[in-house]
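Presented below is the structure to which this report refers.
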Amino acid sequence: MTGKLEYAFTVRTIELEKGLADSAESEITLKLGSELAQLAETLSNGLEDMHGGNWKVVSHDTLKLDDKLVISVLVSRPISSEKT
9 MTGKLEYAFT VRTIELEKGL ADSAESEITL KLGSELAQLA ETLSNGLEDM HGGNWKVVSH
69 DTLKLDDKLV ISVLVSRPIS SEKT
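Written out as structure tokens, the structure reads:
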């Protein structure tokens, strides 16, 4: 039997260059590969500091909104014994 989990979201945005803003999401993610990799590393490091740490990424989604790429990430962690 697995323990109970708590969940949270974190959201980041990336400003898209003028020509890139008109592209499909799949093309944008290909062109922004290094920037997205850097964002993933920053997020991974930040999860240890977020509200006591011990978070794991469960899922993510991207959304192109005008000239921005919005990245939402669902994270979870076991509920600590202090909260039960």
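Numbering of the sequence shown is given in our numbering, commencing with residue 9 and proceeding in unit increments.
Just so you know, even glycine gets a beta-carbon here, dropped at the ideal spot from N, CA and C.
Remember, it's a predicted structure, so these values are computed and weren't measured experimentally.
Lys12 to Glu43, Cα distance in whole Å?
For the purposes of this step, residue 12 is taken as residue 4 along the sequence shown, with counting starting at 1. For the purposes of this step, residue 43 is taken as residue 35 along the sequence shown, with counting starting at 1. Computed Cα separation, rounded: 34 Å.
Based on Cα-Cα distance, which residue from Thr37, Val78, Ser31 and Ser84 lies nearest to Leu55?
Residue 55 sits at position 47 when you count from the first residue of the sequence shown. Closest option to Leu55, Cα to Cα, is Ser84.
Which residues in the same chain as His68 place their Cβ atom closer than 6 Å to its Cβ, once the five residues preceding and following it in sequence are excluded?
On the sequence shown, residue 68 is found 60 positions in, with the first residue counted as 1. For His68, where only same-chain residues beyond five positions count, the Cβ hits under 6 Å are Val81.
Option nearest Leu71 by Cα separation, candidates Leu51, Ile87, Glu23 and Asn53
The residue given as residue 71 occupies position 63 in the sequence shown. When each option's Cα is compared against that of Leu71, the closest is Glu23.
Nearest residue (CA-CA) to Leu28, options Gln46, Val78 and Lys39:
As a first step, residue 28 must be located in the sequence shown, where it is residue number 20. Checked all of Gln46, Val78 and Lys39; the closest Cα to Leu28 is Lys39.
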